[in-house]
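Q: Here it is: the structure, laid out below.
Number of protein chains: 4
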Amino acid sequence: MLQKLSEEKLIEILEVGSREFAEKGFDKASMKTIASNAGISVGVLYKYYANKDAFFSACLEDSLKVLSDKMEEFLAGNVTPRQRIELILCAAIEFSKKHPNVIRMYHEITSGSFSEKARELATRIEGISAKTYRDYMTALKEANLLKEDIIPEAASFFFDNCLMMLQFSYNVEYFDERRKLYLGKLYDDDKELVRQLMMMLDGALLRRD
Amino acid sequence: MLQKLSEEKLIEILEVGSREFAEKGFDKASMKTIASNAGISVGVLYKYYANKDAFFSACLEDSLKVLSDKMEEFLAGNVTPRQRIELILCAAIEFSKKHPNVIRMYHEITSGSFSEKARELATRIEGISAKTYRDYMTALKEANLLKEDIIPEAASFFFDNCLMMLQFSYNVEYFDERRKLYLGKLYDDDKELVRQLMMMLDGALLRRD
Amino acid sequence: MLQKLSEEKLIEILEVGSREFAEKGFDKASMKTIASNAGISVGVLYKYYANKDAFFSACLEDSLKVLSDKMEEFLAGNVTPRQRIELILCAAIEFSKKHPNVIRMYHEITSGSFSEKARELATRIEGISAKTYRDYMTALKEANLLKEDIIPEAASFFFDNCLMMLQFSYNVEYFDERRKLYLGKLYDDDKELVRQLMMMLDGALLRRD
Amino acid sequence: MLQKLSEEKLIEILEVGSREFAEKGFDKASMKTIASNAGISVGVLYKYYANKDAFFSACLEDSLKVLSDKMEEFLAGNVTPRQRIELILCAAIEFSKKHPNVIRMYHEITSGSFSEKARELATRIEGISAKTYRDYMTALKEANLLKEDIIPEAASFFFDNCLMMLQFSYNVEYFDERRKLYLGKLYDDDKELVRQLMMMLDGALLRRD
DNA sequence: AATGAATGAGAATTCATTCAT
DNA sequence: TATGAATGAATTCTCATTCAT
Numbered sequence: 012m013l014q015k016l017s018e019e020k021l022i023e024i025l026e027v028g029s030r031e032f033a034e035k036g037f038d039k040a041s042m043k044t045i046a047s048n049a050g051i052s053v054g055v056l057y058k059y060y061a062n063k064d065a066f067f068s069a070c071l072e073d074s075l076k077v078l079s080d081k082m083e084e085f086l087a088g089n090v091t092p093r094q095r096i097e098l099i100l101c102a103a104i105e106f107s108k109k110h111p112n113v114i115r116m117y118h119e120i121t122s123g124s125f126s127e128k129a130r131e132l133a134t135r136i137e138g139i140s141a142k143t144y145r146d147y148m149t150a151l152k153e154a155n156l157l158k159e160d161i162i163p164e165a166a167s168f169f170f171d172n173c174l175m176m177l178q179f180s181y182n183v184e185y186f187d188e189r190r191k192l193y194l195g196k197l198y199d200d201d202k203e204l205v206r207q208l209m210m211m212l213d214g215a216l217l218r219r220d
Numbered sequence: 012m013l014q015k016l017s018e019e020k021l022i023e024i025l026e027v028g029s030r031e032f033a034e035k036g037f038d039k040a041s042m043k044t045i046a047s048n049a050g051i052s053v054g055v056l057y058k059y060y061a062n063k064d065a066f067f068s069a070c071l072e073d074s075l076k077v078l079s080d081k082m083e084e085f086l087a088g089n090v091t092p093r094q095r096i097e098l099i100l101c102a103a104i105e106f107s108k109k110h111p112n113v114i115r116m117y118h119e120i121t122s123g124s125f126s127e128k129a130r131e132l133a134t135r136i137e138g139i140s141a142k143t144y145r146d147y148m149t150a151l152k153e154a155n156l157l158k159e160d161i162i163p164e165a166a167s168f169f170f171d172n173c174l175m176m177l178q179f180s181y182n183v184e185y186f187d188e189r190r191k192l193y194l195g196k197l198y199d200d201d202k203e204l205v206r207q208l209m210m211m212l213d214g215a216l217l218r219r220d
Numbered sequence: 012m013l014q015k016l017s018e019e020k021l022i023e024i025l026e027v028g029s030r031e032f033a034e035k036g037f038d039k040a041s042m043k044t045i046a047s048n049a050g051i052s053v054g055v056l057y058k059y060y061a062n063k064d065a066f067f068s069a070c071l072e073d074s075l076k077v078l079s080d081k082m083e084e085f086l087a088g089n090v091t092p093r094q095r096i097e098l099i100l101c102a103a104i105e106f107s108k109k110h111p112n113v114i115r116m117y118h119e120i121t122s123g124s125f126s127e128k129a130r131e132l133a134t135r136i137e138g139i140s141a142k143t144y145r146d147y148m149t150a151l152k153e154a155n156l157l158k159e160d161i162i163p164e165a166a167s168f169f170f171d172n173c174l175m176m177l178q179f180s181y182n183v184e185y186f187d188e189r190r191k192l193y194l195g196k197l198y199d200d201d202k203e204l205v206r207q208l209m210m211m212l213d214g215a216l217l218r219r220d
Numbered sequence: 012m013l014q015k016l017s018e019e020k021l022i023e024i025l026e027v028g029s030r031e032f033a034e035k036g037f038d039k040a041s042m043k044t045i046a047s048n049a050g051i052s053v054g055v056l057y058k059y060y061a062n063k064d065a066f067f068s069a070c071l072e073d074s075l076k077v078l079s080d081k082m083e084e085f086l087a088g089n090v091t092p093r094q095r096i097e098l099i100l101c102a103a104i105e106f107s108k109k110h111p112n113v114i115r116m117y118h119e120i121t122s123g124s125f126s127e128k129a130r131e132l133a134t135r136i137e138g139i140s141a142k143t144y145r146d147y148m149t150a151l152k153e154a155n156l157l158k159e160d161i162i163p164e165a166a167s168f169f170f171d172n173c174l175m176m177l178q179f180s181y182n183v184e185y186f187d188e189r190r191k192l193y194l195g196k197l198y199d200d201d202k203e204l205v206r207q208l209m210m211m212l213d214g215a216l217l218r219r220d
């Protein structure tokens, strides 16, 4: 494996790439611009990554790693389910604001037709979070905390959908406009939005006390 | 003016275009391929539509029209809120299966930076459904059927997010794989999925009787 | 020969064509625009003229005819050579202002690579004026009015060059700007310009009294 | 920055471009053909020049530079006005034969509607020669060598017109044929033509001794 | 090993010309 | 016969990828 480029440089390249892909989308992103913004030559880019697809996959992997790292945190610690939902909602919004490009990269792969590599990566990460949520919901079920009749699979699907839309709503331009449209004055009031979502998710998922 | 292309041909062209855009995204879609798949020459495409952007907008408008026509049906008739949620969920799934490209076209505009025209179109439709849902939720609120403390804006945002993810889940390749991943055996059981979602949405939105 | 189109219509078509070619040049002129401006369909245009080249030739012929008709007038009447030069100069300027497109059409063929037909036409007309001028100069020579040592061929070449540049200067955008650049305040004073040119041509061509 | 294309190659590209533009005119000239004739790929052409307009401007600039360089020579040295006219006539013919495309390029911009850049370039050069000639004529005037009553502006306009037509006559296909038509046997006798033009310009411009 | 100039396939778009109605 | 919609070759320009230096 080549190792002339320092670890930091490699990270920078991926960051620059992620930013470009997140901002312009795969097709409109330019390899030349990426190289130039990262302070390297296109030649180097192609030394490390076989082609644009492969480079995109690398950027995606980088982004998804940040996302899945966060995931583990989500379910750590010993708190009540109600508290957990609130924590996750807050964390999702916070993460959105801190790593806009990660969410945008994620959104980017949901459209377009990507390479096998990108598909696999995304599926792998998706698999992790799916399992994490399902395990959590299963645990809730076993603790008799999940609503009667709700099966863990449906609950985790539902919950992740809500989170995902929330994150798109904070990062992807189109969804952000949509958020403004729906929420009106609530658009700027994250606290109240979380409170509202909390109540709804609580009512949706948890057994009435 | 002579209209050589029959009404059906014009519709076919929009359908072929929508399919191409839905499958490959705006950038990867090729005007030449679209023309060839529609059995016409590129010249005709450019006779009817000034450029790729304008053609995309036309395809989008066509798709969104189908979508907004459906929207009105959603809220027609006099049924209980619980029945209404179920009706909408079923209709959303049914629509998804019948008009996959419509949903994909909608998804397509959430990524990328589109022309003013496309943006306007989408915003217009979004505005209609936002208002429709908010009005409905406001009506529920006034009838004291909405959950205590939930405000109509948040409720409609939440509800529409759930519907949108549901529709993406049935049409956009990536979300479809994700659905399989989460739901497992429930993937093929629409009936049960609706029942589960129903229960969750009911718990999320409606006042306990 | 087809004869559905009235004589006037045919003339109108050629005029519209000449205007279009004169304004935009051969390549940028559009057959569709010409047809539409003439109030006919492209089909008719192609019924009467095999292709764009042939239609251009027809327009050119039409223009050149106007030019050569004028030519004959130039040399009619019985006046002194000095008066004749002045008459021609004035006529050239007057003609320029009245038939800008004729001059522009003429200029148009001097550039570009035109069809055999167009070439022939132009050469034929050119031949007529060349002969006319040479004959006139020969007559002057024989009357011992032409400057000593000047041969009629050179004199007519010189004289026609001057006239041509004068006409371009009044019609072709580029040469018009150039005229302004050179002449400054004389740009708007045709009378004085003629007087000046007169003196120079007189000195150039005619024997000192 | 690495300059892969050698200085000679760059010059060759401009020459090939000038030839193509000179022969076919701006519209009919093809960037692909130019690239291929210059032995490079289209990509290179677009690497060095933003678009066809810009490339045309570069070719034009190159040509005009040669032209304006020559201009300075025209008026250098201390000779009598009569000798100067003769020198300039000879130089103009010589230049025409040596740099046919330069004159053709110049002629090309007199037709068509060119980019701002091309227009500026041409106007700049035109301005230089206009000033040069006017200054010279003004000097003649002050030295009481210019014909009585002739103003320098008209004289320089007249003189430059004659030179321009002379140069077109040697280079632009159409004008060349015309020259043959007018001059007949004098077509091949540059020496005699110069002598004839000399006499006429002398008579037109200079005070009788 | 790094560079970035060069390549050239491919995309959007135009428009002279044809031909079904 | 007239129409103008349809055709499709040709043009400009882009950009991922290659490879000589």
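Protein chains in written order, with this note's numbering: chain A, 12 to 220; chain B, 12 to 220; chain C, 12 to 220; chain D, 12 to 220. Ideal Cβ placement from N, Cα and C applies to all residues, glycine included. Since this is a predicted model, take the numbers as computed values, not measurements.
Within its chain, find whatever has a CB closer than 7 Å to the CB of M12 of chain A; leave out the 5 residues flanking it on each side and keep chain order.
A: With a pLDDT of 39 at M12 of chain A, under the threshold of 50, the modelled position of this residue cannot be trusted, and the question is left open.
Q: As a quick exercise: from B:I22, B:A154, B:A69 and B:I51, pick the residue whose alpha carbon is nearest that of F37 of chain B.
A: F37 of chain B has its Cα closest to that of B:A69, out of B:I22, B:A154, B:A69 and B:I51.
Q: Would you kindly report the start and end of the unbroken alpha helix (DSSP H) that includes N48 of chain B?
A: Run containing N48 of chain B: M42 to N48, per the alpha helix (DSSP H) assignment.
Q: Relative to the alpha-carbon of V77 of chain A, which residue among A:L216, A:Q94, A:N62 and A:S29 has its alpha-carbon at the smallest distance?
A: Nearest C-alpha to V77 of chain A: A:S29.
Q: Using 10 angstroms around the beta-carbon of E119 of chain C, count the other beta-carbons present and answer buried if the total reaches 16, otherwise exposed.
A: The residue is buried, with at least 16 neighbouring Cβ atoms inside 10 Å.
Q: Is there a Cβ from chain C that is less than 8 Å from the Cβ of M82 of chain D?
A: It does not: the Cβ of M82 of chain D has no partner Cβ on chain C nearer than 8 Å.
Q: Could you check how far apart the C-beta atoms of N182 of chain A and P111 of chain A are, in whole angstroms? I think they sit under 8 Å.
A: N182 of chain A to P111 of chain A, Cβ: 5 Å. Contact.
Q: Under the assumption that L204 of chain D contacts A165 of chain C (Cβ atoms under 8 Å), give the Cβ distance between them as a whole number of angstroms.
A: Right, their Cβ atoms sit about 7 Å apart.
Q: Please report the straight-line C-alpha distance between Q14 of chain A and L56 of chain A, rounded to a whole angstrom.
A: The predicted position of Q14 of chain A is uncertain, since its pLDDT is 47 and thus under 50; no value can be drawn from it.
Q: Rounded to whole angstroms, what's the CA-CA distance from V27 of chain D to K128 of chain D? Just pull it up for me.
A: Looking at the two C-alpha atoms, the distance is approximately 20 Å.
Q: Hey, would you say L212 of chain D sits closer than 8 Å to I96 of chain D, going by beta carbons?
A: In contact: L212 of chain D and I96 of chain D (Cβ atoms closer than 8 Å).
Q: Taking any Cβ of chain A, which residues in the stretch 116–131 of chain B have a Cβ under 7 Å from it, in chain order?
A: Listed in sequence order: H118, E119, I120, T121, S122 and G123.
Q: Determine the DSSP secondary structure at L86 of chain C, reduced to helix, strand or coil.
A: Reduced to three states, the DSSP call for L86 of chain C is coil.
Q: How would you write the range of the alpha helix (DSSP H) that N27 of chain D sits in, first residue to last?
A: Inspection of the sequence shows that residue 27 of chain D is occupied by Val rather than by Asn. It spans E18 to K39 - the alpha helix (DSSP H) in which V27 of chain D sits, taken as one unbroken run.
Q: Assuming M176 of chain D contacts M176 of chain C (C-beta within less than 8 Å), just tell me the rounded distance between them.
A: Indeed they touch by this definition, with Cβ atoms about 6 Å apart.
Q: Per DSSP, which one or two residues make a beta bridge with L157 of chain C?
A: Answer is C:L217.
Q: Just the Cα atoms here: how many angstroms apart are L75 of chain D and R115 of chain A?
A: Approximately 52 Å, taken between the alpha carbons.
Q: To the nearest angstrom, report how far apart Q178 of chain B and Y60 of chain A are at their CA atoms.
A: Q178 of chain B and Y60 of chain A: Cα-Cα distance of roughly 35 Å.
Q: Going by C-alpha to C-alpha distance, which of A:A154, A:S140 and A:K152 sits closest to K81 of chain A?
A: Ranking the options by Cα distance to K81 of chain A, first place goes to A:S140.
Q: Please identify the residue among D:R190, D:T143, D:D187 and D:L156 whose C-alpha is closest to the C-alpha of S167 of chain D.
A: The option with the nearest alpha carbon to S167 of chain D is D:T143.
Q: Could you list the residues in the stretch 59–75 of chain C with a C-beta less than 8 Å from some C-beta on chain D, going in chain order?
A: Cβ contacts with chain D: none found.
Q: Can you pull the chain D residues whose beta carbon is under 8 Å from the beta carbon of A113 of chain C, in chain order?
A: Residue identity check: residue 113 of chain C is Val in the sequence provided, not Ala. Simply none; closest approach about 15 Å.
Q: Would you report the Cα separation of K39 of chain D and S122 of chain C, rounded to the nearest angstrom?
A: Approximately 11 Å between the Cα atoms of the pair.
Q: Could you tell me the distance, in whole angstroms, from the CA atom of C173 of chain C to the CA atom of C173 of chain D?
A: Their Cα atoms are separated by approximately 7 Å.
Q: Please list the partners that Y2 of chain A has in chain B, where partner means a Cβ-to-Cβ separation under 8 Å.
A: Absent from the model: residue 2 of chain A. The displayed extent of chain A is 12 to 220, so no value can be given.
Q: Is E72 of chain B near the ligand SAM, going by C-beta to nearest heavy atom under 7 Å?
A: With respect to the ligand SAM, the structure offers nothing, as it holds no ligand at all.
Q: Name the two residues that bound the continuous alpha helix (DSSP H) containing G98 of chain A.
A: Here residue 98 of chain A turns out to be Leu, not Gly, going by the sequence shown. From DSSP, the alpha helix (DSSP H) with L98 of chain A extends over P92 to K109.
Q: Can you check whether the CB of S126 of chain C is closer than 8 Å to the CB of D64 of chain C?
A: In this structure, S126 of chain C lies closer than 8 Å to D64 of chain C by Cβ.
Q: In terms of alpha-carbon separation, which member of A:Y147, A:I161, A:I24 and A:F67 lies closest to G88 of chain A?
A: Here the closest residue by C-alpha is A:Y147.
Q: So, for L25 of chain A: in the same chain, excluding its five sequence neighbours on each side, which residues have a beta-carbon less than 7 Å away from its beta-carbon?
A: Taken in chain order, the residues that qualify are A69, C70 and D73.
Q: Whole angstroms is fine: what's the gap from K191 of chain B's alpha carbon to G54 of chain C's?
A: Computed Cα separation, rounded: 59 Å.
Q: Quick check: G195 of chain B and K158 of chain A, are their CB atoms within less than 8 Å of each other?
A: Their beta carbons are not under 8 Å apart, which means G195 of chain B does not touch K158 of chain A by this criterion.
Q: Determine the DSSP secondary structure at V113 of chain D, reduced to helix, strand or coil.
A: Three-state DSSP puts V113 of chain D in a helix.
Q: Is it buried or exposed for Q94 of chain A, if we count other Cβ within 10 angstroms and need 16 for buried?
A: That one is exposed.
Q: Tell whether a beta-carbon distance below 8 Å holds between F106 of chain B and F67 of chain B.
A: It is not a contact, given that the beta carbons lie outside the stated cut-off.
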